[in-house]
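All remarks here apply to the structure that follows.
In the numbering used here, the protein residues as written are -9 to 233.
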């Protein structure tokens, strides 16, 4: 019996068991669990409670229940986590601003790691997304997709599974944020030139492996982007008021 689970009952006891076993490496993706009867006895829960908990873990992507064969540990699909975060965070006011703060934290660390760890393949991917971004400047939706792909490529180049998992967890909200920003700022004079130059400079600093300068440039890019968005919102509100 788990010491952690002594004060827990029902499904919480089952979840605590799997959390601890995964963290200490006792069970790994591909491993088959004990039979339902044996596991229920080991955890001190009823079989119906265990069955419901296993179904919940399967829905979250942590288990693969194969009828007639048993339950197997699987490598969770982070898209499930993304859906969960989207549902939870979408209920909060001003969520896109909040998500932007999380994005800054993740990307600024990722770009430092990218300057150290990026492979030739990573640099090629970032360069390819930059070219795509330049080709879609006049199209808010396609441009937003390309912009997201550029920044995602930087996170990928950092080769940090933790940062990538966090980034993918808020992916849906990040994409929505990119679209909103593009739609708001597309009519600003000089915005396309700025977007090209800002992203090009970030890319070149990664290629040059200049971590401090790359992070500074990225933070500057985020700050200027926020200012563009703020001015666009003010202009939109002023126009609405005039009408």
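Built from N, CA and C at the ideal position, the CB exists for glycine as well.
Residue i and residue j closer than 7 Å at C-beta
{"i": "residue 193", "j": "residue 116", "result": "yes"}
{"i": "residue 196", "j": "residue 104", "result": "yes"}
{"i": "residue 219", "j": "residue 171", "result": "yes"}
{"i": "residue 14", "j": "residue 63", "result": "no"}
{"i": "residue 40", "j": "residue 61", "result": "no"}
{"i": "residue 17", "j": "residue 11", "result": "yes"}
Proximity to residue i [Cα-Cα], best of the options
{"i": "residue 59", "options": "125, 23, 161", "result": "23"}
{"i": "residue 34", "options": "5, 213, 152, 159", "result": "5"}
{"i": "residue 168", "options": "154, 141, 99, 73", "result": "141"}
{"i": "residue 65", "options": "42, 77, 19, 90", "result": "19"}
{"i": "residue 157", "options": "181, 182, 99, 108", "result": "99"}
{"i": "residue 215", "options": "203, 199, 181, 198", "result": "181"}
{"i": "residue 76", "options": "150, 217, 3, 159", "result": "159"}
{"i": "residue 108", "options": "198, 54, 67, 183", "result": "198"}
Alpha-carbon to alpha-carbon, residue j and residue i
{"i": "residue 106", "j": "residue 119", "result": "20 Å"}
{"i": "residue 92", "j": "residue 52", "result": "25 Å"}
{"i": "residue 131", "j": "residue 174", "result": "12 Å"}
{"i": "residue 177", "j": "residue 201", "result": "33 Å"}
{"i": "residue 73", "j": "residue 161", "result": "9 Å"}
{"i": "residue 88", "j": "residue 125", "result": "30 Å"}
{"i": "residue 185", "j": "residue 90", "result": "18 Å"}
{"i": "residue 42", "j": "residue 1", "result": "8 Å"}
{"i": "residue 29", "j": "residue 212", "result": "50 Å"}
{"i": "residue 27", "j": "residue 36", "result": "9 Å"}
{"i": "residue 207", "j": "residue 128", "result": "24 Å"}
{"i": "residue 56", "j": "residue 188", "result": "50 Å"}
{"i": "residue -9", "j": "residue 32", "result": "Note that residue -9 has pLDDT 45, beneath the 50 cutoff, so the model's placement of it is unreliable and the number below is only indicative. Going from the Cα of residue -9 to the Cα of residue 32 covers about 7 Å."}
{"i": "residue 205", "j": "residue 136", "result": "20 Å"}
{"i": "residue 203", "j": "residue 25", "result": "56 Å"}
{"i": "residue 38", "j": "residue 49", "result": "17 Å"}
{"i": "residue 134", "j": "residue 47", "result": "34 Å"}
{"i": "residue 210", "j": "residue 67", "result": "33 Å"}
{"i": "residue 155", "j": "residue 149", "result": "11 Å"}
{"i": "residue -6", "j": "residue 183", "result": "Residue placement at residue -6 is flagged as unreliable, the pLDDT there being 48, under the threshold of 50; a coordinate-derived value is accordingly withheld."}
{"i": "residue 7", "j": "residue 151", "result": "24 Å"}
{"i": "residue 54", "j": "residue 3", "result": "20 Å"}
For residue i, the residue or residues it bridges with in DSSP
{"i": "residue 56", "result": "60"}
{"i": "residue 22", "result": "62"}
Distance between beta carbons of residue j and residue i, contact taken as under 8 Å
{"i": "residue 138", "j": "residue 165", "result": "5 Å"}
{"i": "residue 144", "j": "residue 97", "result": "6 Å"}
{"i": "residue 147", "j": "residue 112", "result": "4 Å"}
{"i": "residue 163", "j": "residue 86", "result": "7 Å"}
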